[in-house]
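In our numbering, the protein residues as written are 21 to 421.
In structure tokens:
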């Protein structure tokens, strides 16, 4: 807790009052080094209110001016302990790996999902939160590869569990039957994807709440998937044209990926739960990485560019600069300053976009900022056919084309 006027000076405990909503008695906050310690005695939810010690007169004056800088309310969740969870989740309990990593016996928490029925393991949100706080990762392994859930993704998952003190996070990673090689069904040929004879897999993340139905969890930060391709019967052309895909049985979402010919691994990112597979495409799949409010643009080939302006959130819609993005994808972009109109030619399609006008078939507008046109991110996926991966935690974006 720091002073806004002097951020280098922690506020002394003698200047603070702290209370919990469920018990209005003043709490004693013990300082340990640069932290205040709050002890929890039971599972549950509460709200911790911390405020500077002011006279009644000063507090009244500030409140009459709608000034609330002196008070902050912090939601607090005390999750069920790992020992308590063991009583109800003995067969599929994955907490041992988390506890081992937190105790320093392993660098990260590594869980062999083949040990669990249908590849489904249950975890304590509290231990996952501690793992994230320690900057460690949760690695789910299987015969075909692994998924790496980093600290940002762990935080995003446990944030969704914060309203449920007795809940458990249930993660599933399981191999599917070997996918037949070829361009069928039609959703594969539509994307020019040739499926390889390599196991697909299913990944899922849900919240198990006692007495309630399973709640689906959102993947709000990237998860890294690694496939083990060494000694597979793939030729050189296959390995240079690999792409991962997500299959929802209606259409495929291209994910791209990077093959390492030294160790035979193939790495790509997941943006959600679902069914994932591996294939090839005649045209090499490429991608670009960008983020909200960042001017950095990084390409799969390793080169970088500077975006101007940076991607923005406007009324809940992600807007990106049209020229840089589309030209990187191979489109021709022309700007008419007299009519404030942009013409985009991509393959056999041509689009005409005008400042302030609604894009045909949508309710979204384009904007011009400092002479540069911004278009909705979803326009790229809907009209161009590229895959857009979006993670709200950190505002990271990947466009795969």
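The beta-carbon is built from N, C-alpha and C at its ideal position, and this holds for glycine as well.
Locate the beta strand (DSSP E) running through residue i, then write down its first and last residues.
i, result
"residue 197", "188 to 198"
"residue 258", "It is not in any beta strand (DSSP E) - residue 258 instead sits in the alpha helix (DSSP H) that spans 256 to 260."
"residue 369", "369 to 374"
"residue 297", "294 to 301"
"residue 352", "352 to 356"
"residue 219", "219 to 228"
"residue 363", "361 to 366"
"residue 411", "407 to 411"
"residue 248", "243 to 248"
Among the options, which one has its Cα closest to the Cα of residue i?
i, options, result
"residue 273", "208, 218, 195 and 310", "208"
"residue 139", "114, 286 and 307", "114"
"residue 304", "121, 420, 93 and 74", "420"
"residue 295", "287, 286 and 264", "264"
"residue 136", "172, 195, 343 and 168", "195"
"residue 493", "280, 154, 293 and 309", "In the structure displayed, the chain extends from 21 to 421; residue 493 sits before or after that span and is not available."
"residue 363", "348, 342, 188 and 383", "342"
"residue 394", "167, 307, 309 and 374", "374"
"residue 154", "172, 166 and 141", "172"
By how many angstroms is the C-alpha of residue j removed from the C-alpha of residue i?
i, j, result
"residue 210", "residue 251", "30 Å"
"residue 270", "residue 126", "41 Å"
"residue 46", "residue 316", "48 Å"
"residue 198", "residue 217", "6 Å"
"residue 82", "residue 91", "11 Å"
"residue 319", "residue 232", "44 Å"
"residue 300", "residue 276", "9 Å"
"residue 255", "residue 123", "44 Å"
"residue 157", "residue 311", "22 Å"
"residue 86", "residue 80", "10 Å"
"residue 253", "residue 148", "38 Å"
"residue 344", "residue 328", "8 Å"
"residue 380", "residue 415", "26 Å"
"residue 38", "residue 129", "35 Å"
"residue 400", "residue 406", "6 Å"
"residue 370", "residue 244", "35 Å"
"residue 236", "residue 143", "15 Å"
"residue 145", "residue 71", "29 Å"
"residue 284", "residue 234", "37 Å"
"residue 203", "residue 404", "21 Å"
"residue 385", "residue 412", "22 Å"
"residue 134", "residue 321", "35 Å"
"residue 174", "residue 222", "19 Å"
I'd like to check one pair, residue j with residue i: are the Cβ atoms closer than 9 Å?
i, j, result
"residue 397", "residue 389", "no"
"residue 241", "residue 176", "yes"
"residue 132", "residue 162", "yes"
"residue 40", "residue 49", "no"
"residue 351", "residue 366", "yes"
"residue 170", "residue 298", "no"
"residue 248", "residue 164", "yes"
"residue 58", "residue 95", "no"
"residue 188", "residue 105", "yes"
"residue 353", "residue 417", "no"
Taking the alpha helix (DSSP H) that residue i falls in, what are its first and last residues?
i, result
"residue 208", "206 to 210"
"residue 347", "342 to 348"
"residue 78", "76 to 84"
"residue 119", "115 to 122"
"residue 105", "102 to 108"
"residue 4", "Here the chain has residues from 21 to 421 only, and residue 4 is not among them."
"residue 175", "171 to 181"
Cβ contact (3+ pairs, closer than 8 Å) linking the region 56 to 65 and the region 88 to 108: yes
Three CB pairs or more closer than 8 Å across the region 222 to 235 and the region 257 to 269: no
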